[in-house]
Amino acid sequence: MKKIINSVELVEEQMIEGLCKAYPQYVKRVEGTNVLVRADKKEGKVALVSGGGSGHEPAHAGYVGKGMLDGAVPGAVFTSPTPDQVYEAIKAVATDAGVLLIIKNYTGDVMNFEMAADMARDEGIEVDEVIVNDDVAVDGSLYTVGRRGVAGTVFVHKITGAKAETGAPLAEVKAVAEKVIANVRTMSMAISPCTVPAAGKPGFELGEDEMEIGIGIHGEPGTHREAIRPADEIVDMMLDKILADLDFTGDVAVMINGCGGTPLMEMFIVNNHVHDVLESKGIHVYKTLVGDYMTSLEMQGFSITLLKLDDELKALLDAPADTPALKA
Amino acid sequence: MKKIINSVELVEEQMIEGLCKAYPQYVKRVEGTNVLVRADKKEGKVALVSGGGSGHEPAHAGYVGKGMLDGAVPGAVFTSPTPDQVYEAIKAVATDAGVLLIIKNYTGDVMNFEMAADMARDEGIEVDEVIVNDDVAVDGSLYTVGRRGVAGTVFVHKITGAKAETGAPLAEVKAVAEKVIANVRTMSMAISPCTVPAAGKPGFELGEDEMEIGIGIHGEPGTHREAIRPADEIVDMMLDKILADLDFTGDVAVMINGCGGTPLMEMFIVNNHVHDVLESKGIHVYKTLVGDYMTSLEMQGFSITLLKLDDELKALLDAPADTPALKA
Amino acid sequence: MTDNAKVVEILDSMKKAIDENAQFLTDLDAAIGDNDHGINMARGFKKVEADLPGVAGKDIGAILKKVGMDLVSTVGGSSGPLYGTAFMKAGGKVGGKMEIGMDDFLAMMDEAIGGVQMRGKAVAGEKTMLDAMLPARDAMKAAAAEGKGVREVLDAGVAAAEAGVEYTKTIIATKGRASYLGERSIGHQDPGATSFTVLLKAIAAAY
Amino acid sequence: MTDNAKVVEILDSMKKAIDENAQFLTDLDAAIGDNDHGINMARGFKKVEADLPGVAGKDIGAILKKVGMDLVSTVGGSSGPLYGTAFMKAGGKVGGKMEIGMDDFLAMMDEAIGGVQMRGKAVAGEKTMLDAMLPARDAMKAAAAEGKGVREVLDAGVAAAEAGVEYTKTIIATKGRASYLGERSIGHQDPGATSFTVLLKAIAAAY
Ligand SMILES: Nc1ncnc2c1ncn2[C@@H]1O[C@H](COP(=O)(O)OP(=O)(O)O)[C@@H](O)[C@H]1O
Ligand SMILES: Nc1ncnc2c1ncn2[C@@H]1O[C@H](COP(=O)(O)OP(=O)(O)O)[C@@H](O)[C@H]1O
Ligand SMILES: [Mg+2]
Ligand SMILES: [Mg+2]
Ligand SMILES: [Mg+2]
Ligand SMILES: [Mg+2]
Numbered sequence: 001m002k003k004i005i006n007s008v009e010l011v012e013e014q015m016i017e018g019l020c021k022a023y024p025q026y027v028k029r030v031e032g033t034n035v036l037v038r039a040d041k042k043e044g045k046v047a048l049v050s051g052g053g054s055g056h057e058p059a060h061a062g063y064v065g066k067g068m069l070d071g072a073v074p075g076a077v078f079t080s081p082t083p084d085q086v087y088e089a090i091k092a093v094a095t096d097a098g099v100l101l102i103i104k105n106y107t108g109d110v111m112n113f114e115m116a117a118d119m120a121r122d123e124g125i126e127v128d129e130v131i132v133n134d135d136v137a138v139d140g141s142l143y144t145v146g147r148r149g150v151a152g153t154v155f156v157h158k159i160t161g162a163k164a165e166t167g168a169p170l171a172e173v174k175a176v177a178e179k180v181i182a183n184v185r186t187m188s189m190a191i192s193p194c195t196v197p198a199a200g201k202p203g204f205e206l207g208e209d210e211m212e213i214g215i216g217i218h219g220e221p222g223t224h225r226e227a228i229r230p231a232d233e234i235v236d237m238m239l240d241k242i243l244a245d246l247d248f249t250g251d252v253a254v255m256i257n258g259c260g261g262t263p264l265m266e267m268f269i270v271n272n273h274v275h276d277v278l279e280s281k282g283i284h285v286y287k288t289l290v291g292d293y294m295t296s297l298e299m300q301g302f303s304i305t306l307l308k309l310d311d312e313l314k315a316l317l318d319a320p321a322d323t324p325a326l327k328a
Numbered sequence: 001m002k003k004i005i006n007s008v009e010l011v012e013e014q015m016i017e018g019l020c021k022a023y024p025q026y027v028k029r030v031e032g033t034n035v036l037v038r039a040d041k042k043e044g045k046v047a048l049v050s051g052g053g054s055g056h057e058p059a060h061a062g063y064v065g066k067g068m069l070d071g072a073v074p075g076a077v078f079t080s081p082t083p084d085q086v087y088e089a090i091k092a093v094a095t096d097a098g099v100l101l102i103i104k105n106y107t108g109d110v111m112n113f114e115m116a117a118d119m120a121r122d123e124g125i126e127v128d129e130v131i132v133n134d135d136v137a138v139d140g141s142l143y144t145v146g147r148r149g150v151a152g153t154v155f156v157h158k159i160t161g162a163k164a165e166t167g168a169p170l171a172e173v174k175a176v177a178e179k180v181i182a183n184v185r186t187m188s189m190a191i192s193p194c195t196v197p198a199a200g201k202p203g204f205e206l207g208e209d210e211m212e213i214g215i216g217i218h219g220e221p222g223t224h225r226e227a228i229r230p231a232d233e234i235v236d237m238m239l240d241k242i243l244a245d246l247d248f249t250g251d252v253a254v255m256i257n258g259c260g261g262t263p264l265m266e267m268f269i270v271n272n273h274v275h276d277v278l279e280s281k282g283i284h285v286y287k288t289l290v291g292d293y294m295t296s297l298e299m300q301g302f303s304i305t306l307l308k309l310d311d312e313l314k315a316l317l318d319a320p321a322d323t324p325a326l327k328a
Numbered sequence: 001m002t003d004n005a006k007v008v009e010i011l012d013s014m015k016k017a018i019d020e021n022a023q024f025l026t027d028l029d030a031a032i033g034d035n036d037h038g039i040n041m042a043r044g045f046k047k048v049e050a051d052l053p054g055v056a057g058k059d060i061g062a063i064l065k066k067v068g069m070d071l072v073s074t075v076g077g078s079s080g081p082l083y084g085t086a087f088m089k090a091g092g093k094v095g096g097k098m099e100i101g102m103d104d105f106l107a108m109m110d111e112a113i114g115g116v117q118m119r120g121k122a123v124a125g126e127k128t129m130l131d132a133m134l135p136a137r138d139a140m141k142a143a144a145a146e147g148k149g150v151r152e153v154l155d156a157g158v159a160a161a162e163a164g165v166e167y168t169k170t171i172i173a174t175k176g177r178a179s180y181l182g183e184r185s186i187g188h189q190d191p192g193a194t195s196f197t198v199l200l201k202a203i204a205a206a207y
Numbered sequence: 001m002t003d004n005a006k007v008v009e010i011l012d013s014m015k016k017a018i019d020e021n022a023q024f025l026t027d028l029d030a031a032i033g034d035n036d037h038g039i040n041m042a043r044g045f046k047k048v049e050a051d052l053p054g055v056a057g058k059d060i061g062a063i064l065k066k067v068g069m070d071l072v073s074t075v076g077g078s079s080g081p082l083y084g085t086a087f088m089k090a091g092g093k094v095g096g097k098m099e100i101g102m103d104d105f106l107a108m109m110d111e112a113i114g115g116v117q118m119r120g121k122a123v124a125g126e127k128t129m130l131d132a133m134l135p136a137r138d139a140m141k142a143a144a145a146e147g148k149g150v151r152e153v154l155d156a157g158v159a160a161a162e163a164g165v166e167y168t169k170t171i172i173a174t175k176g177r178a179s180y181l182g183e184r185s186i187g188h189q190d191p192g193a194t195s196f197t198v199l200l201k202a203i204a205a206a207y
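Which chain is which? The protein sequence lines are H, G, X and Y, in order. Counting in my numbering, the first sequence runs from 1 upward without gaps. Counting in my numbering, the second sequence runs from 1 upward without gaps. Counting in my numbering, the third sequence runs from 1 upward without gaps. Counting in my numbering, the fourth sequence runs from 1 upward without gaps.
This is the structure we're talking about:
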């Protein structure tokens with residue numbers, strides 16, 4: 001394992017500190033916790049809290065700021081944060097308008113966030129939640145835990161954050177979040193694995209010419225493995241899966257998300273074909289994001305996210321946001 | 001070589017197309033060229049043109065937009081663009097206020113850009129140039145070609161772009177660019193190489209526990225190679241070299257730049273110690289940028305850039321910028 | 001059968017057993033999950049060990065509740081809330097007691113399993129820790145009903161847990177992260193079922 | 001000695017020689033530069049080859065100017081302006097001529113070298129293409145002065161160029177990208193000196 005770190009025990013702590021030092025104008029750390037909240041607490045609006053394991057940077061702390069999240073809770077690398085930490089975040093950001101938790105659909109995340117929500121409710125804080133499950137790679141049937149929450153979560157942060165910023169009541173903010181969740185789909189692939197620092201070795205191995213299709217953001221195996229193909233064919237395969245899942249005819253937002261180790265050049269090559277395919281199918285791209293938004297440490301690969309837009313979602317997507325990792 | 005591309009011949013073309021499709025609100029391609037210019041040409045101000053080989057994304061096209069560049073010229077991967085392309089860029093963006101070329105100090109870049117400048121002057125266009133040479137890793141003595149231009153170039157784009165946006169005359173815009181160049185220093189390292197697509201194999205090899213100190217943004221060898229050490233020790237070594245070169249006492253801007261394959265988590269860990277060291281030496285960090293600003297394909301590593309600030313540079317650094325890769 | 005000092009002793013040896021198996025548990029999780037189960041459990045029991053001196057003199061219920069809270073607040077992931085709740089529930093069953101017997105222990109197992117099922121909403125056959133916990137509990141109850149001694153009862157539990165782990169290799173995961181693999185999860189044993197077996201063995205070894 | 005048809009033939013064989021050596025030249029550049037010299041040169045000569053039919057009937061000056069412009073507009077990097085200028089300058093020396101002799105050729109070499117020095121501001125001993133060009137030019141002039149035949153003159157040039165390449169292994173680069181390496185550049189031969197030798201060999205092979 002070759003990493004630019006000091007020790008595997010200090011990775012999360014020094015990452016949090018380094019992030020706070022980089023962006024004092026945006027975030028501050030709640031003392032004695034790993035929780036990051038807006039440098040200036042905004043009253044009179046629903047507060048948004050999200051989080052998950054570390055290793056997905058800039059998610060989630062990079063989205064704390066005006067028009068997006070009020071608090072972010074990073075756990076250990078690829079491990080859901082614990083309830084006490086989430087509870088601290090809720091307490092720190094709570095306003096009279098209530099708190100909305102944006103949870104990615106993993107058993108661990110859901111359990112830890114819900115335990116925290118219970119603790120906060122016991123204190124009289126109004127807390128509600130939404131669960132993001134945009135990954136079309138996995139079976140979403142009733143006989144599984146459902147789809148994973150992956151890069152589409154960033155659209156949920158952006159749009160729900162814009163809605164919250166308007167001062168809308170909790171129920172309306174939640175409704176917008178659920179609208180995004182209902183309309184967002186993602187599919188991922190990787191050509192190289194990533195190594196959880198404490199594990200010391202990669203979570204999986206890929207042959208010199210292999211790729212993993214449908215991989216999760218924690219390096220969880222995907223739908224299948226096959227020999228690497230030209231980028232356009234990979235895009236075709238991934239879009240087929242996304243477009244089979246939801247009718248995207250009309251306007252969409254596109255996110256080409258890098259997994260952490262992917263050069264931007266390759267993401268633009270991917271984007272080139274994504275646009276061509278969508279256009280050929282009568283789907284109009286209203287806005288595109290290309291970059292590292294929800295990563296998996298140093299993994300090389302990308303995900304494609306499509307979000308179906310109506311006028312409300314367009315306006316909220318375009319609304320101002322000022323955070324370390326996303327500005328609009 | 002494992003890459004998400006279609007063919008080595010199409011890499012630059014499809015990257016450019018993918019970038020244009022992602023950001024039509026910012027950039028458009030000059031027909032029949034590889035040149036990218038602002039979607040809306042701004043008259044009445046000095047126009048800035050930069051460029052270099054491809055493979056440094058988001059540089060340089062990612063910095064085209066309000067408050068930064070007017071035109072960017074990407075060459076083949078890691079290869080300076082040719083004079084005809086640079087000339088097309090100059091022609092496309094030229095205003096009555098003149099054109100300033102921001103060139104990184106490589107023999108090839110300087111020759112190609114200067115040939116283009118000559119061609120443009122023959123057409124009656126007022127063209128001037130600055131040459132960025134921020135890399136303290138290499139000997140800047142008179143007996144060499146001098147220092148390389150690396151990540152500090154992004155600060156030159158940002159600050160010079162802000163100055164140009166005020167409508168200042170060419171001489172003043174150039175003077176600000178030279179002030180930035182005089183006050184910016186960078187040092188880089190890598191723990192893994194990168195592969196130029198057409199070359200098909202890495203430009204160098206590193207042992208399982210080796211790192212290259214002082215590496216260039218095209219994977220050029222650096223000052224030396226040694227066994228990898230804890231991040232803080234690497235930072236100490238790099239900062240020593242930077243701080244020995246210029247007295248940074250006072251206010252500085254910091255850029256922790258990823259080489260393309262480096263996870264943000266590691267960059268934040270680096271930033272954590274950079275801030276601690278600077279503070280301990282009485283250097284105050286006014287602003288920090290952490291991310292992929294000037295990359296080397298998928299190389300894993302980072303650079304530290306320090307820019308010494310006075311009030312003028314602070315104001316220009318903070319001035320609005322709206323580009324795909326940098327917003328202020 | 002067991003006083004509070006012995007409970008502390010057992011918790012100490014659980015910590016050691018988890019450490020010894022951390023790499024193994026993580027490797028199992030790499031195959032069908034996210035490469036962290038052993039790391040998570042080790043982080044949790046490190047905190048447990050650090051806090052034990054502070055609660056060692058207290059009643060068994062208080063000790064186990066503290067263990068549960070430590071696990072909930074340090075393990076994270078799925079196993080944190082699950083094991084944390086299991087220990088808290090088990091502790092809740094024996095609040096105030098300085099000594100417990102086999103009946104208490106079996107009732108605590110019921111409570112722990114109830115906690116896991118309340119949180120995780122899984123049933124038998126979904127390739128989770130329950131596939132070791134449920135057969136172990138049943139085997140121990142049966143052995144106890146036959147009047148077997150403590151060590152024999154615990155050995156029966158360990159044997160059933162181990163069989164449960166083997167069984168997890170044969171089934172598709174429908175809960176937890178391994179469920180994303182569908183058919184590809186077959187052939188791999190469940191990390192959580194394995195860590196439960198490690199913990200139960202640490203208990204058995206104390207008798 | 002050489003008419004315009006033969007020039008086209010030689011340019012064709014230059015293209016083949018560059019292709020054959022592209023990987024080698026790139027590998028040399030990987031060691032002390034940025035891993036692209038062969039790629040750059042091959043891209044340039046591909047364009048040259050494509051454009052040759054369009055200028056084949058023209059005078060030698062026009063042909064070489066076109067070659068120079070093609071190289072300038074496709075090679076990029078340092079070698080593009082340098083070789084491009086070299087060919088353009090050489091062509092400038094023989095504008096209008098449909099046939100040239102040894103005197104013309106040596107004058108063209110002078111012009112080409114002058115162009116490279118004007119652009120790159122390097123002198124002998126800086127570990128660049130000049131360390132093959134200068135000795136080759138001098139050796140050819142000397143051989144011509146001795147009244148040697150074309151093939152002998154060119155062979156003398158190739159031998160001197162090859163010796164120049166060997167010499168580049170022994171010196172520190174002070175121009176071009178390899179200069180960043182300082183002492184570490186010693187032991188490696190210069191890619192540009194090597195590509196010049198490849199081109200000169202292609203000329204020699206035509207006689
Ligand atoms: N719903 C559930 N009910 C019971 N046990 C579960 C459930 N979900 C997961 N587990 C257990 O948790 C284990 C994984 O724990 P761990 O790797 O620490 O958490 P995570 O999956 O969040 O990374 C699985 O092997 C399984 O035994
Ligand atoms: N100033 C110079 N004068 C003469 N030749 C030079 C000069 N700088 C570089 N070269 C030649 O150019 C070669 C490198 O060409 P190439 O790799 O194509 O360009 P780049 O260095 O821009 O990548 C060097 O090996 C050297 O021979
Ligand atoms: Mg986990
Ligand atoms: Mg080059
Ligand atoms: Mg796990
Ligand atoms: Mg080169």
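Backbone N, C-alpha and C define an ideal beta-carbon position, used for all residues, glycine too.
Remark: fewer than three beta-carbon pairs, one from each stretch, lie closer than 8 Å, so the region 18-32 of chain G and the region 292-312 of chain H are not flagged as touching. Ranked by how close their Cα comes to the Cα of H:Leu-170, the residues H:Glu-9, H:Arg-148, H:Gly-98 have H:Gly-98 in first place.
For H:Gln-300, the three-state secondary structure derived from DSSP is strand. DSSP places H:Ile-234 in the uninterrupted alpha helix (DSSP H) bounded by 231-245. At the C-beta level, H:Leu-101 and H:Val-46 stay beyond 7 Å of one another. Look at G:Ser-80: its C-beta is under 7 Å from a C-beta on chain Y. The beta carbons of Y:Leu-199 and Y:Met-14 sit about 5 Å from each other, so the pair counts as a contact at 8 Å. Y:Leu-28 is not a Cβ neighbour of Y:Pro-135, given a cutoff of 7 Å. For G:Ser-54, the secondary structure class from DSSP, reduced to helix, strand or coil, is strand. Excluding five sequence positions before and after Y:Val-75, the CB atoms of its chain that fall closer than 7 Å to its own CB belong to Asn-40, Met-41, Arg-43, Gly-44, Tyr-83, Gly-84, given in chain order.
Note: Y:Pro-53 is not bridge-paired with any residue in the DSSP secondary-structure output. X:Lys-47 carries a helical assignment under DSSP once its states are collapsed to helix, strand and coil. At a C-beta separation below 8 Å, H:Phe-302 has these neighbours in chain G: Ile-4. For X:Ala-30, the uninterrupted alpha helix (DSSP H) run begins and ends at 4-32, by DSSP. If you look at H:Asp-251, you'll find it in the beta strand (DSSP E) that goes 250-258. At least one C-beta of chain X is nearer than 7 Å to the C-beta of H:Pro-221. These are the residues, in chain order, with a beta carbon less than 5 Å from any non-hydrogen atom of ligand 5: X:Asp-29, X:Gly-33, X:Asp-34, X:Asp-36, X:His-37.
According to DSSP, G:Ala-190 shares a beta bridge with G:Glu-212, G:Gly-301. Close CB contacts of X:Glu-152 within its chain, under the 8 Å cut and outside five residues either way in sequence, are with Ala-143 (chain order).
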